[in-house]
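Student: Please read through the structure below; I'll follow up with questions.
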Amino acid sequence: MPDLQTSDLNDTIRQYIIEAKAELRAKQNVVAAFAKLSEAMRREVESLLNEEAKEGSAVPQIDFAAVQGGKVSDAQRRQIRRRGAVVIRGVFPRARAEAWNQEIGAYIAENDYLQKAQEKSGMDKYFDQLNAGRPQIYGLYWSKPQIMARQAEEMAETKRFLNRLWDVRGPVGDEFDADNDYAYADRTRRRQPGDSQLGLSPHMDAGSYERWIDPAFQKIYEPVFAGDWTAYDPWKATYRTQTREYASPAVCSMFRSFQGWTALTTQGPNDGTLQLVPVASGIAYMLLRALQPDVPEDALCGALPGKALCADAAWHGDLLEGLVSIPTVEPGDTVWWHPDLIHAVEDVHSGSGESNVIYIGASPRCAKNEAYARKQAAHFLAGQSAPDFAAENYEVDFKGRATPDDLTDLGRAQMAL
């Protein structure tokens, strides 16, 4: 996509949308295709809700010991691919995760983060169009526990397993290296019990209006746009590392094969935790919905540049019927979801303890991720906020911030140092 001047941003993007929708609609009878797709999605949502009622959760759950021992069955892998999400239990010992939780709390208190955050409030606009507002996320990237978790051998082994769920074959070689990754420095969530203001409405990350406009995204979703959505494979990596996202604070510039987080406290349904629509093929519904005749010609069901891609009941009700909370997790468990999966954070934390996590996704080695990692390394050395995020730069003078001396050999490689 060409660079845009601020003065002509809105008109230019509206024209892009009009032209792209006309081109995409010409490929098929979008009304008939969407009718069939809607029925299939309703059946899939009904299936997951039945599973939720019967099994307690529709989100697959496996033990890290099975990952280590190569004992994850083919049936389990198929279910992870179908649902687009998985809880991997016991990646870290409980005591280690609890110690990290305490250390991050001390790091926040010692450096008076909360007072400084009040002074810089409003810099991050990524979620401002989502109904429930901004969750209780701390703009910290370089605390020692975050570094330790990212560079842990257990984390690397977990991400290798996840990346191998993808078909990485491409027309000019593998799309990415499934066995190695670059670290993506993200933030941490510390949500207090009783909070009722800090939820996050259903959305997707990793691209909003670009999914219809950008040539690489169009190639990723070509079967959907060409009229054969059943031929679309959410796990085919071709062109995934070649997309161009609209630059904005908190829009991810890396390709993440999975978004994810590591639990630092016990949390589950009603604890202000993560919700998912665990249907890996659900993106097809989002794409075709925006091409229907009841959607304005210059609109994409609320998709806006530089924002999260919202899922709204007015447009995406069939999918949102399948929004479920993840099962209860313990400190040291990890949660992972496909980059095209609708997710949210519960509006109300009605539990009794904090719901705390470190955000760590899977970002495998590829040219796109290397380019970002090299920019990120300079920010790490200076203690600045990671490049994708608002330049709050809290940690420049923080005591106890991680330094290169805290990196292992694996950590240095992951940081492109």
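Using our numbering, you'd call the opening residue of the sequence shown number 113 and step up by one each time. Don't be surprised by glycine CBs; every beta carbon is placed ideally from N, CA and C.
Check whether the Cβ atoms of residue 528 and residue 485 sit closer than 7 Å, and answer yes or no.
Tutor: yes
Student: Leaving out five residues before and five after residue 516 in sequence, what residues of the same chain have Cβ atoms less than 6 Å from its Cβ?
Tutor: none
Student: Should the stretch 452-460 be called in touch with the stretch 352-360, which here means at least 3 C-beta pairs below 8 Å?
Tutor: no
Student: Pairs of beta-carbons, one from the stretch 385-395 and one from the stretch 192-201, closer than 8 Å: are there three or more?
Tutor: yes
Student: Span of the alpha helix (DSSP H) holding residue 429?
Tutor: Per DSSP, the unbroken alpha helix (DSSP H) holding residue 429 starts and ends at 425-432.
Student: What first and last residue would you give for the beta strand (DSSP E) that runs through residue 467?
Tutor: 467-471
Student: Express the C-alpha separation of residue 406 and residue 127 in angstroms, rounding to a whole number.
Tutor: 18 Å
Student: What's the gap between the Cα of residue 363 and the Cα of residue 252?
Tutor: 16 Å
Student: Determine the contact status of residue 206 and residue 465, defining contact as a CB-CB distance below 7 Å.
Tutor: no
Student: Reducing DSSP to helix, strand and coil, say where residue 513 ends up.
Tutor: strand
Student: If you check the beta carbons only, do residue 448 and residue 367 fall under 7 Å apart?
Tutor: No.
Student: Can you give the beta carbon distance from residue 397 to residue 153, rounded, assuming they're within the 8 Å contact cut?
Tutor: Between residue 153 and residue 397 the Cβ distance is about 5 Å, and since that is below 8 Å, they are a contact.
Student: Under three-state DSSP, which class holds residue 285?
Tutor: Three-state result, residue 285: strand.
Student: Residue 422 bridges to which residues according to DSSP?
Tutor: 315
Student: Judging by CA-CA distance, which residue of 351, 339, 483 and 377 is the nearest neighbour of residue 400?
Tutor: 339
Student: Over what stretch of residues does the alpha helix (DSSP H) that includes residue 177 continue unbroken?
Tutor: Residues 176-180.
Student: Strictly by DSSP, which residues pair up with residue 202?
Tutor: None, per the DSSP bridge assignment.
Student: Give the list of continuous alpha helix (DSSP H) stretches no shorter than 4 residues that lie fully inside the stretch 454-506.
Tutor: 479-494
Student: Kindly indicate which three-state DSSP category residue 372 falls into: helix, strand or coil?
Tutor: strand
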